[in-house]
Amino acid sequence: MADIMKLADLERGQSATVRALEFTDEMRRRLQDIGMVEGTPVECVGKSPFGDPGAYMVRRSVMALRREDSEKILVEPGGSSSLTVALAGNPNVGKSTVFNQLTGMRQHTGNWPGKTVASARGRCSFKGIEMELVDIPGCYSLMAHSAEEEVARDFICFEAPDAAVVVCDATCLERNMNLVLQIIETEVPVIVCVNLMDEAEKKKIRVDLDKLRDMLGVPVVGTAARSKKGLQKLLQEMADLKNGQLSEGRFRINYPDYIEKAIGELEPAVSKCCGEAGFKNVRWLCARLLDLDESMRRSMKEYLGESAMEQILQDEGVHKALAELGRVRKEADVTVMQMKDDIASTFIWEAQRICAETVSFENKSYADRDRKLDRLFTSKGSGFIIMFLVLMGIFWLTITGANYPSDLLSTFFFEMEGRIWSLLEILHLPHIVCEALIEGVYRVLAWVVSVMLPPMAIFFPLFTLLEDFGYLPRVAFNLDKCFQRCHTCGKQALTMCMGFGCNAVGVMGCRIIDSPRERLVAMITNNFVPCNGRLPILITMISIFFVGAAGFWSSFLSAALLALFILLGILMTFFTSRILTKTVLRGEASSFTLELPPYRRPQTGKVIVRSVFDRTLFVLGRAVVVAAPAGLLLWVLANVSILDVTLLAHLSGFLDPFGRALGMDGVILLAFILGFPANEIVIPIIIMSYMAQGSLVDIQDMGVLHQLFVQNGWTWITAVSTMLFALMHWPCSTTFLTIRKESGKMRWTLLSLAVPTIAGIVSCFLFASVARLIWRI
């Protein structure tokens with residue numbers, strides 16, 4: 025904490041926080057009347073030519089104070105934003121809910137430097153104290169086994185936050201206590217937030233918070249973040265840390281004697297080296313030196329400096345202590361693995377002991393409802409049937425619900441077209457520029473937004489509701505055996521589900537897979553599940569060639585056919601994953617551990633807001649960025665002619681033989697190529713090409729669209745071939761760029777483009793050849 029100084033000593037532009045008013049008379053009351061109390065942020069905005077009085081910003085107003093008065097106001101320099109709090113916890117404990125409730129909309133997301141792991145930071149204030157909350161990735165331990173756990177460990181242990189709030193689940197506190205004890209060992213100021221107290225109360229689980237506070241020696245706060253209960257007390261504890269009110273008598277982990285002896289011998293040498301590097305968590309670092317792994321070695325080099333790292337490892341005292349530990353282990357017949365097990369077990373048994381004394385279960389059968397639901401969702405008889413019905417239900421709701429808002433948006437955007445024309449004419453822009461901007465860029469953007477936004481705004485909230493309810497981990501549980509036979513991980517099922525909304529989101533979701541090899545397999549094969557950009561192609565083909573008239577049963581049948589077609593994409597995911605793991609990404613399936621969280625009632629309102637801002641608008645923004653230049657290119661191809669034939673017609677004619685071999689034609693194939701920026705514009709490009717128009721054309725009447733396609737040689741074989749190619753072809757530009765960013769290598773990005781494309785070409789060729797043969801017979 026910064027030193028206390030007098031307000032009079034602040035320089036122009038320097039900020040501070042009031043810590044004490046050393047007045048006993050009327051001046052104290054006058055300062056309080058204008059809002060200056062302990063914890064108030066102040067800033068020196070200037071001084072008179074003689075240096076006295078000074079001008080200070082207090083609660084957005086500037087006031088002048090003489091030096092003799094400002095010397096009686098004690099402040100802490102550095103302003104009120106110096107409190108940085110790490111928000112840690114296991115997955116599924118409500119950590120993000122706590123973060124969102126405390127920060128509201130004052131937050132931003134990004135990636136940790138040099139990592140693909142997402143970061144979220146937000147700000148909140150309490151009694152004049154500004155706090156920055158850092159929502160670190162959920163993890164079970166600081167003994168890192170994944171990129172997320174490395175980020176969590178490094179931030180807490182090496183980046184020296186002012187405090188760490190460890191969020192726990194009151195309904196299964198023992199599992200969370202392992203992480204609590206590990207963070208306490210780092211000597212970072214800790215506050216334990218026992219969340220979900222409302223759920224614990226319903227299940228008649230009692231947590232003795234006072235006794236838990238006494239045993240751990242750190243502040244403990246019970247909360248129900250969904251209803252904001254206990255959050256004010258949590259903020260008060262954080263403010264107390266800012267004000268220097270630290271707990272005494274913190275819990276200390278006691279390892280087996282031979283490990284404690286080794287730590288004691290390491291501490292003097294390590295303390296000397298760490299003191300020079302400015303690192304204070306000496307005991308924790310000594311314990312980690314005993315089971316030093318490669319990720320820990322990298323982090324030490326990064327944060328302590330390579331010279332300090334080498335100094336520690338080459339120090340004579342360190343060598344002597346480690347040699348003595350090796351001798352003791354050899355005499356006791358303790359292997360390195362056994363020693364690591366002893367270190368890990370120490371935390372586990374201490375967690376069990378603490379929770380045995382602080383947690384009581386009045387209802388031993390509190391989890392019966394969850395087990396009954398698990399028997400329904402994960403049994404042989406009903407598990408896969410329910411999965412299929414849920415999938416079909418989501419698609420039916422998406423298809424049915426998106427039609428009306430899509431029509432409204434389309435009408436709105438195309439009505440705005442005339443007004444924009446008028447505006448551009450007022451600006452006296454050349455006619456050809458106006459045509460390029462309106463009929464090229466604007467129409468493509470209008471089409472992408474009107475077609476893409478409504479289904480995403482429906483699908484992503486439905487997906488997030490299933491996630492909040494706890495069903496999606498059961499999907500991964502059900503499908504793990506299938507993925508295991510493909511030498512991949514069941515968590516790929518979750519990324520596959522994300523891909524239904526947007527393949528770019530599915531690729532980013534691959535971060536949850538620990539194995540780099542299996543993560544690459546999931547990225548490369550994610551494009552086999554159709555995103556919301558390709559669903560309109562499939563739905564259009566089903567509607568005009570296989571279902572017909574509109575209505576409830578028609579939409580239900582469409583959803584059923586779509587679900588069956590998507591099952592083909594899932595089977596192709598399994599098949600391709602198997603081939604990849606036997607060739608370029610050879611390897612066996614890694615170990616699989618996945619928490620099956622308790623079933624919870626989703627927070628519908630917050631789910632909608634979160635999914636719209638975090639997923640829908642994010643994906644839409646990326647699509648718009650790449651669709652705008654694509655619209656301009658499309659307009660040029662449709663309006664520039666060579667020998668009285670447009671470039672678009674030349675290109676489609678060139679591709680026509682190859683397209684017909686695949687059961688399509690050159691126009692359809694060219695539409696998929698030009699739809700690389702956004703798959704939503706594939707059908708409009710086909711219509712535009714067939715009608716020989718110079719810009720995108722919208723046909724709402726399915727009967728008219730069917731007639732147009734039939735007049736241009738379409739049959740049911742063309743429709744199915746188009747659906748197959750829509751299901752299996754190169755990823756869109758947004759997904760392509762996301763794969764490049766997530767994989768970090770261009771060769772994997774190109775492979776992710778080649779694999780679905782080759783699969784699509786082969787599938788279409790085989791289907792078209794067999795179908796034509798049967799049709800002739």
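Each position in the sequence shown, counted from 1, maps to that position plus 24 in this note's numbering.
For glycine and all other residues, C-beta sits at the position ideal for the given N, C-alpha and C.
How many Å lie between F408 and V499 at the Cα?
-> For the purposes of this step, residue 408 is identified with residue 384 of the sequence shown, where counting begins at 1. For the purposes of this step, residue 499 is identified with residue 475 of the sequence shown, where counting begins at 1. Whole-angstrom Cα-Cα distance: 9 Å.
Are the beta-carbon atoms of V212 and A188 separated by less than 7 Å?
-> The residue given as residue 212 occupies position 188 in the sequence shown. The residue given as residue 188 occupies position 164 in the sequence shown. A contact, by the Cβ cut-off of 7 Å.
Given a cut-off of 7 Å, decide if V204 and V216 are closer than it, judged by their beta-carbon atoms.
-> Against the sequence shown, residue 216 aligns to sequence position 192. Against the sequence shown, residue 204 aligns to sequence position 180. Inclusion of V216 and V204 in the CB contact set at 7 Å is warranted, their separation being smaller than that value.
When the Cβ atoms of the region 404 to 421 are set against those of the region 441 to 448, are three or more pairs found closer than 8 Å?
-> no
Check each candidate in R250, K285, R199, L314 and name the one with the smallest Cα separation from A375.
-> Against the sequence shown, residue 375 aligns to sequence position 351. Among R250, K285, R199, L314, the Cα nearest to that of A375 is on R199.
Grouping DSSP H, G and I as helix and E and B as strand, with all else coil, what is I19?
-> Residue 19 is absent from the model: the chain starts at 25 and stops at 801.
Looking at C-alpha atoms only, which residue of N736, R800, L661, C521 is the closest neighbour of V414?
-> Indexing the sequence shown from 1 puts residue 414 at position 390. Here the closest residue by C-alpha is C521.
For Y714, three-class secondary structure by DSSP = Within the sequence shown, the letter at position 690 stands for residue 714. If DSSP states are grouped into helix, strand and coil, Y714 belongs with the helices.
In terms of residues, what are the limits of the alpha helix (DSSP H) holding N427?
-> Mapped onto the sequence shown, residue 427 falls at position 403. That run of the alpha helix (DSSP H) goes 407 to 450.
Which one or two residues does DSSP pair with M87 in a beta bridge?
-> Here residue 87 corresponds to residue number 63 of the sequence shown, with the count starting at 1. Note: M87 sits in a beta bridge opposite Y80.
Using a threshold of 6 Å, is the CB atom of P485 nearer than that to any non-hydrogen atom of the ligand COA?
-> The ligand COA is not among the ligands present in this structure, which contains no ligands whatsoever.
Under the rule that 16 or more other beta-carbon atoms within 10 Å means buried, what is D234, buried or exposed?
-> Along the sequence shown, one-based indexing puts residue 234 at 210. The residue in question, D234, is exposed, as its Cβ has fewer than 16 Cβ neighbours within 10 Å.
Helix or strand or just coil, what does DSSP make of I153?
-> Within the sequence shown, residue 153 is the residue found at index 129, counting from 1. Correct three-state label for I153: strand.
Over what stretch of residues does the beta strand (DSSP E) that includes D193 continue unbroken?
-> To locate residue 193, count along the sequence shown from 1; it is residue 169. From DSSP, the beta strand (DSSP E) with D193 extends over 187 to 193.
Simplified DSSP assignment, three categories, for I537 | Your numbering for residue 537 matches position 513 in the sequence shown. Looking at I537 - three-state DSSP - the assignment turns out to be coil, as it is neither helix nor strand.
What number of angstroms, rounded off, separates the C-alpha of L675 from the C-alpha of T640?
-> One-based indexing of the sequence shown puts residue 675 at position 651. One-based indexing of the sequence shown puts residue 640 at position 616. A straight line joining the alpha-carbon of L675 with that of T640 spans about 34 Å.
Taking one C-beta from the region 525 to 534 and one from the region 753 to 765 each time, how about it: are there three or more such pairs within less than 8 Å?
-> yes
Assign P478 to one of three DSSP states: helix, strand, or coil.
-> To locate residue 478, count along the sequence shown from 1; it is residue 454. If DSSP states are grouped into helix, strand and coil, P478 belongs with the helices.
In chain order, what residues of the same chain have a beta carbon less than 7 Å from the beta carbon of K504, not counting five sequence neighbours either side?
-> The residue you call residue 504 lines up with position 480 of the sequence shown. Before going further, note that residue 504 is Asp rather than Lys in the sequence given. So the qualifying residues of the chain are G514, F616.
Outcome for Y466 when other beta-carbon atoms lying within 10 angstroms are tallied against a minimum of 16 = Reading the sequence shown from its first residue, position 442 is the one you call residue 466. Y466 is buried by the Cβ-count criterion.
Which of helix, strand or coil DSSP assigns to P101 | On the sequence shown, residue 101 is found 77 positions in, with the first residue counted as 1. P101 falls in the strand class under three-state DSSP.
Pick from C756, P780, W772, V744 that is closest to S793, judged by C-alpha positions | Residue mapping note: residue 793 aligns to position 769 of the sequence shown, counting from 1. Looking at the Cα atoms, V744 is the closest of the given residues.
Taking only the alpha-carbon atoms, compute the straight-line gap between N219 and P185 and give it to the nearest angstrom.
-> Here residue 219 corresponds to residue number 195 of the sequence shown, with the count starting at 1. Here residue 185 corresponds to residue number 161 of the sequence shown, with the count starting at 1. Each residue's Cα considered, the two are about 22 Å apart.
Between the beta-carbon of V306 and the beta-carbon of E284, is there less than 7 Å?
-> For this step, residue 306 is matched to residue 282 along the sequence shown. For this step, residue 284 is matched to residue 260 along the sequence shown. No, they are not a contact pair.
Where T762 falls: helix, strand or coil (DSSP) = Within the sequence shown, the letter at position 738 stands for residue 762. T762: helix per DSSP, three-state reduction.
Tell me the DSSP bridge mates of T41?
-> Here residue 41 is taken as the residue at index 17 of the sequence shown, counted from 1. Its beta-bridge partners are P65, E100.
Under the three-state DSSP convention, the category T140 falls into | Here residue 140 corresponds to residue number 116 of the sequence shown, with the count starting at 1. Model confidence at T140 stands at a pLDDT of 46, short of 50, so the residue's coordinates are unreliable; what they give is reported in the following sentence. In the structure shown, T140 sits in coil (DSSP, three-state: anything other than H, G, I, E or B).
CA nearest to the CA of A481, picked from N556, G128, L586 = Residue mapping note: residue 481 aligns to position 457 of the sequence shown, counting from 1. With distances taken between Cα atoms, A481 lies closest to N556.
Between which two residues does the beta strand (DSSP E) containing L107 stretch?
-> As a position in the sequence shown, residue 107 is number 83, starting the count at 1. Per DSSP, L107 belongs to the beta strand (DSSP E) from 107 to 113.
Does the distance from the C-beta atom of N550 to that of G593 stay below 7 Å?
-> One-based indexing of the sequence shown puts residue 550 at position 526. One-based indexing of the sequence shown puts residue 593 at position 569. Cβ distance not < 7 Å, so N550 and G593 don't count as in contact.
Looking at C-alpha atoms only, which residue of Q735, K228, P73, V660 is the closest neighbour of P457?
-> If you number the sequence shown from 1, residue 457 lands on position 433. The identity of residue 457 in the sequence shown is Val, whereas the question assumes Pro. Of Q735, K228, P73, V660, the residue nearest in Cα terms is V660.
In DSSP terms, what C217 is bridged to = For this step, residue 217 is matched to residue 193 along the sequence shown. Per DSSP, V191, V245.
Top-ranked residue by Cα proximity to L313, from V786, K364, G75 = As a position in the sequence shown, residue 313 is number 289, starting the count at 1. Of V786, K364, G75, the residue nearest in Cα terms is K364.
Just how far apart, CA to CA, sit H455 and I798?
-> Stepping through the sequence shown from its first residue, residue 455 is reached at position 431. Stepping through the sequence shown from its first residue, residue 798 is reached at position 774. When the Cα atoms are used, H455 and I798 turn out to be separated by approximately 53 Å.
Residues sharing a beta bridge with V383, DSSP | In the sequence shown, counting from the first residue as 1, residue 383 sits at position 359. V383 is bridged to V231.
Between A79 and the rest of its own chain, which residues show a CB-CB distance below 6 Å, the 5 nearest in sequence each way excluded?
-> Working through the sequence shown from its first residue, we reach residue 79 at position 55. The residues are V69, G70, V86, A88.
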